[in-house]
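Taken in order, these protein sequences are the chains called S and R.
Each residue of the first sequence is one higher than the last, beginning at 4 in our numbering.
Each residue of the second sequence is one higher than the last, beginning at 4 in our numbering.
One structure is given below, encoded as structure tokens.
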Amino acid sequence: MLTDEMKRIIEDSKKTGWVLEPDAKKLFTLAGFDVPLFAWAKTPGEATSFAADTGYPVVAKVVSPKVLHKSDVGGVILDIENDEQMRGVFDRLSSMEAFDGIVVEETVRGVELIIGAKVDVQFGPVVLMGIGGVGVELYSDTTIRMAPIERKDVHSMIGCLKARKLLEGFRGAEPVNMEILVPLVVNFSKLVMELEGVIESIDLNPVLCSSTRCVVADARIILT
Amino acid sequence: MYFQKVFEPKTLAIVGLSLSNERHPANVIFNKNHFRYPVKVFGVNPRGGMYHKQPVYSSVSEIPEKIDLAVIAVRAEHVPAVMEECIDSGAGAVTVISGGFAEVGNRELQDRLVAIAKEARLPFIGPNCLGIYSTGQVDTFFLPSERMVRPEPGNVAIVSQSGGILVDQMVKFAGQGIGLSRAVSIGNKAMVTELDMLDFLSRDDMTDVIAFYLEGFGRGEGREFVRAAGKCTKPVIVMKAGRSPGGVRAVSSHTAAIAGDYPVFSSVLGQFGIVEARNEFEMVSFCESLSCYPRSVTGSVGIITGSGGHGVVAIDTCAAGGLNVPEVPSDLQETLRAKLSGSIQPIASLANPIDLTGSACDDDFVAAATMLSKMEAIDSMIVLLLPYLPDVTSDVGARLSQVFRQEEKPLIAYVPHVEKYRMIIEGFQLNNVPVSRSIEGAVLMVEAMRRCLPC
């Protein structure tokens, strides 16, 4: 399942210690995951031209080998409505340490989940799933299984979440499409088994889940 | 590795026997086995001579019989040579009591022992351990016989890294009337690990429940252990000590921050239907429950009580633990009501908890337990038995146990543990029905069966 191109992304990221978001998204695209349409823009012009193709609103995120947690430093801007805002955002993000462009991407909506993995000393690769977003460690509504896992394990993981009703269609919202989410987690666990030797941990956070898509909106791969 | 002879040896060598110090660990082990167990014991000391009218052999190779188990209690630096002797004379297995290895930083010496034992395919338990206690067979613990508390023979085996915790658990087993098959302290687990013990005990006819106290697994060892334990048809209970979060790097992923050692450990045990005991109280409750009912339930509980208050406490405790207490349908309630004593018919409430009131007699408890046993929506029962109720007799334990015999639905009793109620308690325990000394403990006993279900 690991293609040469995926291996090359990991190899090239080793000096940073983790895989930059655009590269990580590339890797997950290659592995067959649904990722938002995005561009890695190095100039304001590249950013506005991507937005012109996709249509506003868009999301912008800083790319920097020094910024692992982008939200913590104000490096994620949602709902950019026009070219003027886009240029302002680019200008602001470009002052960040070790700035290496921005990711501009389509706006996707859905329930924010985290799907993660860690290579545990005692048990090897484990998969984590739960309520994602910036408050993930605050709510700590997550569940863990040893990888690889099967479909029934994903159902049991969802059943363990306190906020599982959010996925089942809470207060009139459409339920998350389990026919998409469940195989996504199973495939993620398979990929993790193949990456066991090179990763310390992975966060897919948020994975934006709705009745039509489950989109990996951000990916963080920490290498060994 | 072959362990049958380790736990049921016919011949035992004690290496390191002292001719002058009666309190030497080797002497304690020699004496207790020589006097109390059906095993031929041979003392070994390089100086030879006589000890308690028995010849002392100058080396293991001098012993005229083939040795099933050799207990080595000499100074650490002499252990490799003794182990070579054991191998040369064809000993079946070795347990190294001596300390002074990896636990004090002397890993090299320990690795040498492992290399020697592995090459000869000699099972080697320890070092730095108490070794083996096999009920009625052998006891290599260097604790004087008169100080030991020995549980009744039974079907629970305990494996522990720590010898101290192991002995403590045995005291608690004895106090709670839990029967023991084998107890093993694996110490530094240099060669024989939890996984080897799991493999042996899962096939051991004397054992139905396997309990582990452990401080952690080596690299990747946990993965193998949970896979094997998940396949084991006997309940496996694990209590882990050492839950400090340490090891998470300051800047890392959310996943690494959340999935620390202990959360992973706990989740993975649940995934494979291994019963995690979070403290000693749970450990003892789980061992008692599963030794009587080595099976899983989904946790739908029927509660029978002679006091409304006890029923309320039990239902609260069940709810806090995520156990269901389904309501008894009204037609069944009325059928039961007709079978109860005339005096309680108008006052008993039968929805679940079934409150038979302080005027209930043995027959009423039996009628209620029989009815709940036949209800499909209920898979376990808790009987809160108050022996001070005037119409409850000392037969009630034995009589309720009969209900389990006939209907086979797990039944757990709560009886206050004071001496004057002993006959009721034994009425349950001798009939293999677990009895808790607290309501909370009784609920934990149901929880034990529920944790056997993989989640």
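All C-beta atoms, glycine included, are put in the ideal place defined by N, C-alpha and C.
Item, Value
"Pairwise C-alpha distance: E203/S and P25/S", "19 Å"
"Straight-line Cα distance separating G127/S from V271/R", "11 Å"
"Short CB-CB distance (under 9 Å) between V63/R and chain S", "no"
"Nearest-angstrom beta carbon gap, V188/S and I118/S [assumed within contact, 8 Å]", "6 Å"
"Beta-carbon spacing of I13/S, V201/S below 9 Å", "yes"
"Closer than 7 Å at the beta carbon, the chain R residues around S143/S", "I261"
"Residues near D232/R by beta carbon distance below 7 Å, same chain, minus five either side", "A small fix is needed here, since residue 232/R is Ala in this sequence, not Asp. L201, V239, F275 and I277, listed in sequence order."
"Spatial neighbours of G250/R in its chain, beta-carbon cut-off 8 Å, leaving aside the 5 residues before and after", "Confidence is the limiting factor: at G250/R the pLDDT is only 49, short of 50, which leaves the residue's position unreliable, though a coordinate-based value still follows. Here the set comprises G263 and D264."
"Nearest candidate by alpha-carbon position, reference K64/S, set A55/S, V76/S, G58/S and D56/S", "V76/S"
"Beta carbon proximity, L184/S to chain R, threshold 9 Å", "no"
"Cβ of E203/S within 9 Å of any chain R Cβ", "yes"
"DSSP-derived helix/strand/coil call for G250/R", "Caution is warranted here: a pLDDT of 49 is assigned to G250/R, below 50, making its placement in the model unreliable, and no coordinate value can be reported."
"Start and end residues, beta strand (DSSP E) containing A42/S", "F41 to A44"
"9 Å Cβ cutoff met for V47/R and I128/R", "no"
"Min CB distance R223/S to chain R below 9 Å", "yes"
"Secondary structure of T19/S, DSSP reduced to three states", "coil"
"Any non-hydrogen atom of the ligand GDP closer than 8 Å to C89/R Cβ", "Of the ligands one can find in the structure shown there are none, so the ligand GDP has no counterpart to examine."
"Bridge partners - S163/R, DSSP secondary structure assignment", "S188/R and Y216/R"
"Per DSSP, cross-strand counterpart(s) of Y417/R", "L387/R and S439/R"
"Listed by chain order, chain S residues near F220/R by CB distance under 9 Å", "V124, Q125 and F126"
"Cutoff 9 Å: S163/R Cβ touching any chain S Cβ", "no"
"Cβ neighbour criterion (16 or more within 10 Å) applied to D334/R", "exposed"
"Where T212/S falls: helix, strand or coil (DSSP)", "Thr is not the amino acid found at residue 212/S; the sequence shown has Cys there. Of the three classes helix, strand and coil, the one that applies to C212/S here is strand, per DSSP."
"Proximal chain R residues relative to T146/S, where beta-carbon distance stays under 7 Å", "S270"
"Residue nearest to Q432/R in terms of C-alpha spacing, selected from V77/R, L133/R and A177/R", "A177/R"
"Neighbour flag for K64/S against chain R, beta carbons, 9 Å", "no"
"Nearest-angstrom Cβ-Cβ length linking V114/S and S192/S, presumed shorter than 8 Å", "Wrong, their Cβ atoms sit about 20 Å apart, outside the cutoff."
"Exposed unless 16 or more other CB atoms sit within 10 angstroms - verdict on G157/R", "buried"
"Outcome for M374/R when other beta-carbon atoms lying within 10 angstroms are tallied against a minimum of 16", "buried"
"C-beta neighbour in chain S for D142/R, strict 9 Å", "no"
"Coarse secondary structure for Q88/S, derived from DSSP in three states", "helix"
"DSSP three-state assignment for D94/S, whether helix, strand or coil", "helix"
"Alpha-carbon spacing of A73/R relative to A118/R, whole angstroms", "18 Å"
"Limits of the beta strand (DSSP E) - the one that T146/S falls within", "T145 to M149"
"Buried versus exposed call for Q409/R [16 or more other C-beta atoms within 10 Å across all chains shown]", "exposed"
"Three-state secondary structure (DSSP) of G178/R", "helix"
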